[in-house]
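K.L.:
Chains as they are written, first to last, in the numbering used here: chain A, 1 to 214; chain B, 1001 to 1214; chain C, 2001 to 2214; chain D, 3001 to 3214. Right, I'll just put the structure down here and ask away after.
4 protein chains.
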Amino acid sequence: MFVLVNAKTYPCDVVEVAEAAREVNETTDARIAIAPQAAELAAVAETGVETWAQHIDPIEYGSNTGHTLAETVADTGAVGTLINHSENRLKLADIDGSVQAAERAGLETVVCANNAAQTGAAAALGPNAVAVEPPELIGTGTPVSQADPDIVKDAVAAAAAVDEDVEVLCGAGISTGDDVVSAGDLGAKGVLLASGVAKADDPKAALEDLVAPL
Amino acid sequence: MFVLVNAKTYPCDVVEVAEAAREVNETTDARIAIAPQAAELAAVAETGVETWAQHIDPIEYGSNTGHTLAETVADTGAVGTLINHSENRLKLADIDGSVQAAERAGLETVVCANNAAQTGAAAALGPNAVAVEPPELIGTGTPVSQADPDIVKDAVAAAAAVDEDVEVLCGAGISTGDDVVSAGDLGAKGVLLASGVAKADDPKAALEDLVAPL
Amino acid sequence: MFVLVNAKTYPCDVVEVAEAAREVNETTDARIAIAPQAAELAAVAETGVETWAQHIDPIEYGSNTGHTLAETVADTGAVGTLINHSENRLKLADIDGSVQAAERAGLETVVCANNAAQTGAAAALGPNAVAVEPPELIGTGTPVSQADPDIVKDAVAAAAAVDEDVEVLCGAGISTGDDVVSAGDLGAKGVLLASGVAKADDPKAALEDLVAPL
Amino acid sequence: MFVLVNAKTYPCDVVEVAEAAREVNETTDARIAIAPQAAELAAVAETGVETWAQHIDPIEYGSNTGHTLAETVADTGAVGTLINHSENRLKLADIDGSVQAAERAGLETVVCANNAAQTGAAAALGPNAVAVEPPELIGTGTPVSQADPDIVKDAVAAAAAVDEDVEVLCGAGISTGDDVVSAGDLGAKGVLLASGVAKADDPKAALEDLVAPL
């Protein structure tokens, strides 16, 4: 299972979270990565943890003031990027452009989607994975695997119907190892989570709990 | 074949174009519709021509100042709507919401897309049709069926792979009856065009030429 | 005092509201106008009431699918337009472009703003008026003149400091004639309101109450 | 004079540009700063050059995936930020929110504007400075001080009329020391430039030329 921790713009010590993740990663078969803010990518990558961006723009080198270039993200040591997170939704054509930009720069991609139909749509653009996150569950602490397990199953089916190589991650409300196991049982290959780790008093303990049952 | 004429915000007499379309429609097996600006929907629908909106928003009745509500569009007599035109691109989640809003109001939907991958993505959201329009050909007078026939074939295949009920229209550069025939030969069930009719000196003659070979 | 009723996308009979407004307008020194959805502009203008658009785009005649052209709005019989309503916020450059487009088409303009600083900014772009509407009060029924009278005074001062010809309207939470009087006492030349009239069981009675103390 | 170099997403070695700027800064009364991409802020700040962000978002600590937080920018060592660059235009309310966010985090602000009216509008929001950059001149190599000197004078007057503490920078087409001198003669307190330094074969020589006549 892939455990991708989105640190958002939380008031956390993201380097401490990153070091915890790197240490826990060595003790488990799970794969753990941290997605910090753009300005923190280099510092997080220096810890040795697998580092992801939270967003890239559908652009190339050139005149793009204030935008996030895939190549610059890759230069920091990051290896992947979220695209179209519910807090940063993109136009369809720009998701397509961002997936292509990531591919060009050698970044892995997880495109976020709200439901099964959007998961199928995102899968048609050829990312590595789609994270299905019903917006109404984000930040609630209620895992989608409990609140609405069908949405995960339907998303897995929708992605597979479009492109068998596109994996599905389960987002929204993941906070325990049981949630991760449930997500896997429903066909997800990983989880996307945020506050459960990034805002935990003890991020290392939170990560250890998450991967313990795997 | 479905011939959908997008009148954009051209300086044309859209009621005259609508009346021409209604008259030509009676002489052919093709199906002709006109998409005027929102403020002109009622006047165009009154001519008796099949009337489409150029855009709707992913909203319900409520506090949405300056937005286009599917139900209000339907109340004017319009029966369908474009969504995500390249001059009005939407976020993925908003295309999804707009398709659902149109369905709720009983409007047919044509979602626009730039290429085959986006056509597959749009098809996953369940519209009636997807119009594939490579942005670089819009307004050039060079039909996509000549400039890049594979993009139409690929789009037809991409839509069919996701949902066999979703038809493909061919946009960008259509101006003659031969272009319409070529589009049909490549698997398209219709064409989306604009200046070729809406800016023609004689819109009726332009439409007659378009449907003559059908 | 100018009483501008924004009908949003409420499920109201906007023509009935318009007729009520026209009738009440004849009985008072106040000036009453109705802002319906774009697709309803012509039907509202036909009632003879002063008609405003809820939004225009910063465009000219041309290729602008799904956008609202100032000239087309004027052709329906509308004489003014809201710009940058809090439910339809625009980029600074696009507010500038929209004010210019309205001027070109002979439409009056009311630019919306959240606070005194933004009122000054909007005034610098040369509209006829700025409507100050603290977002947290919109739809609450608590008039800004009660909840935060200083914001109205500060907005009037901010506009006057930039351009003495730019009037200030008071929005958010207006529902009674006393609210209108209070707004005037604070220096506003009118009010922008919505649900208090457009969603009233008896729009005519609601308007009569609003203008009674004037 | 303030010389602010926007490195955009150019394929340049921004640390080399930063080191050149730091060295030239020690030889002149001018004040030189570099604005790199967010992911490069820390590396640029480490060179000791004055470092600016290209953009911040109107947000606070919290759930804002993929956005740029003023506090995180300040934590890298940056001391200022561009806002509303023509390649990254913001809504009026978001310029206001971004200026407030910068102030909260202790960052200086330069808001970009296209013309004198927008310069006045931006000045009303209380930034440290406004950079006037006619979009049609950006990247042309034709300095606004030559192509349209009145726009600079008008912008200086518009800002001063609104708030005497808001300075004006001159952008678009600056590439020589004479351009900088001309900008100062027109009332500008600095220049905003990009390719002339960031894409120069020898950034240090380019900067030396720029500040030589000061």
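Here a beta-carbon is modelled for each residue, glycine too, at the ideal position from N, C-alpha and C. Predicted, not measured: the structure shown is a model, and the values here were computed from it.
#1: Which same chain residues end up closer than 6 Å to alanine 2123 of chain C when comparing Cβ atoms and leaving out the 5 residues on each side of it in sequence?
#2: Expressed to the nearest angstrom, what Euclidean distance is found between the alpha-carbon atoms of proline 1143 of chain B and threonine 1119 of chain B?
#3: With a threshold of 16 other CB atoms inside 10 Å of the CB of glutamine 1146 of chain B, please say whether the residue is buried or exposed.
#4: Taking the alpha-carbon positions, what's the tyrosine 3061 of chain D to arginine 3104 of chain D distance?
#5: Comparing C-alpha positions only, which one of C/Lys2189, C/Leu2210, C/Val2079, C/Ala2188 sits nearest to valine 2197 of chain C?
#6: Taking 8 Å as the CB-CB cut-off, is aspartate 2057 of chain C touching chain E?
#7: In chain order, what residues of the region 3023 to 3049 of chain D put their CB closer than 7 Å to some CB of chain A?
#8: If we count the other Cβ atoms within 10 Å of its Cβ and call it buried at 16 or more, is aspartate 3094 of chain D buried or exposed?
#9: Are there 16 or more other CB atoms within 10 angstroms of the CB of alanine 20 of chain A, so buried, or fewer, so exposed?
#10: Does the region 1105 to 1112 of chain B touch the region 104 to 115 of chain A, meaning 3 or more C-beta pairs lie closer than 8 Å?
#11: Take the Cβ of leucine 1980 of chain C as the centre, count every other Cβ of all protein chains shown within 10 Å, and call the residue buried at 16 or more, exposed below.
#12: Using the three-state DSSP reduction, which class does asparagine 6 of chain A fall into: helix, strand or coil?
#13: Considering only C-alpha positions, which residue in the set A/Thr9, A/Met1, A/His85, A/Pro213 is nearest to proline 135 of chain A?
#14: To test your reading of the DSSP string, which unbroken alpha helix (DSSP H) runs of 4 or more residues are found completely within the region 1046 to 1109 of chain B?
#15: Any C-beta of chain B sitting closer than 8 Å to the C-beta of aspartate 96 of chain A?
#16: Would you decide whether glycine 1190 of chain B is buried or exposed? Buried here means 16 or more other CB atoms lie within 10 Å of its CB.
#17: Please report the distance separating the alpha-carbon of valine 181 of chain A from that of proline 213 of chain A.
#18: Leaving out five residues on either side along the sequence, give the residues of the same chain with a beta carbon under 6 Å from the beta carbon of alanine 183 of chain A.
#19: How would you write the range of the alpha helix (DSSP H) that isoleucine 1151 of chain B sits in, first residue to last?
#20: Counting only the same chain and skipping the five closest in sequence on each side, list residues whose C-beta sits under 8 Å from that of leucine 186 of chain A.
#21: What's the gap between the Cα of leucine 2090 of chain C and the Cα of valine 2003 of chain C?
#22: Please name the residue, chosen from C/Gln2100, C/His2055, C/Asp2096, C/Val2079, that lies closest to glutamate 2087 of chain C on a Cα-to-Cα basis.
#23: According to DSSP, what are the bridge partners of leucine 3169 of chain D?
#24: From the DSSP secondary-structure annotation, give me the bridge partner or partners of isoleucine 174 of chain A.
#25: Within the continuous alpha helix (DSSP H) that includes alanine 2198 of chain C, where are the two ends?
#26: Grouping DSSP H, G and I as helix and E and B as strand, with all else coil, what is alanine 1124 of chain B?
#27: Contact criterion: CB-CB distance below 8 Å. Does glutamate 1087 of chain B meet it with respect to chain C?
#28: Give me the chain D residues within the contact set of alanine 2122 of chain C, using Cβ-Cβ distance strictly less than 9 Å, ordered along the chain.
#29: Are the CB atoms of proline 3127 of chain D and threonine 3109 of chain D nearer to each other than 8 Å?
#30: Does DSSP put alanine 3033 of chain D in a helix, in a strand, or in coil?
#31: Assuming the contact rule is C-beta atoms closer than 8 Å, alanine 3030 of chain D and alanine 42 of chain A should be a hit. Round their C-beta distance to whole Å, please.
#32: What three-state label does DSSP hand alanine 3113 of chain D in the structure shown?
#33: Among C/Asp2201, C/Thr2028, C/Asp2057, C/Val2024, whose alpha-carbon lies nearest the alpha-carbon of threonine 2047 of chain C?
#34: Hey, is glycine 62 of chain A's beta-carbon within less than 8 Å of any beta-carbon in chain D?
#35: Under three-state DSSP, which class holds glycine 141 of chain A?
P.N.:
Inspection of the coordinates gives the following:
#1: Val2130, Ala2159, Val2162, Asp2163, Val2166
#2: 18 Å
#3: Burial is judged here by how many other beta carbons sit within 10 angstroms of a residue's own beta carbon; glutamine 1146 of chain B has fewer than 16 and is exposed.
#4: 12 Å
#5: C/Leu2210
#6: Chain labels in this structure do not include chain E; the protein chains are A, B, C and D.
#7: Gln3037, Ala3038, Ala3039, Glu3040, Leu3041, Ala3042, Ala3043
#8: Burial call: buried.
#9: Buried, by the Cβ-count rule.
#10: no
#11: Nothing about residue 1980 of chain C can be reported from this structure: the residues present for chain C run from 2001 to 2214 only.
#12: strand
#13: Relative to proline 135 of chain A, the option among A/Thr9, A/Met1, A/His85, A/Pro213 whose CA is nearest is A/His85.
#14: 1070 to 1075, 1092 to 1105
#15: yes
#16: So glycine 1190 of chain B ends up on the buried side.
#17: 7 Å
#18: Ser145, Cys170, Val191
#19: Start and end: 1149 to 1162.
#20: Only Ser145, Pro149, Val152, Lys153, Val156, Cys170 meet the Cβ criterion.
#21: About 24 Å.
#22: C/His2055
#23: Partner(s): D/Ala3131, D/Gly3190.
#24: DSSP output for isoleucine 174 of chain A lists no bridge partner at all.
#25: 2195 to 2198
#26: In this structure, alanine 1124 of chain B counts as coil in the three-state DSSP scheme.
#27: It does; some Cβ of chain C falls within 8 Å.
#28: Leu3092, Ala3121, Ala3124
#29: yes
#30: strand
#31: Cβ-Cβ separation between alanine 3030 of chain D and alanine 42 of chain A: approximately 29 Å, too far for a contact (criterion under 8 Å).
#32: Residue state, collapsed to three classes: strand.
#33: C/Val2024
#34: The beta-carbon of glycine 62 of chain A is placed less than 8 Å from the nearest beta-carbon of chain D.
#35: coil
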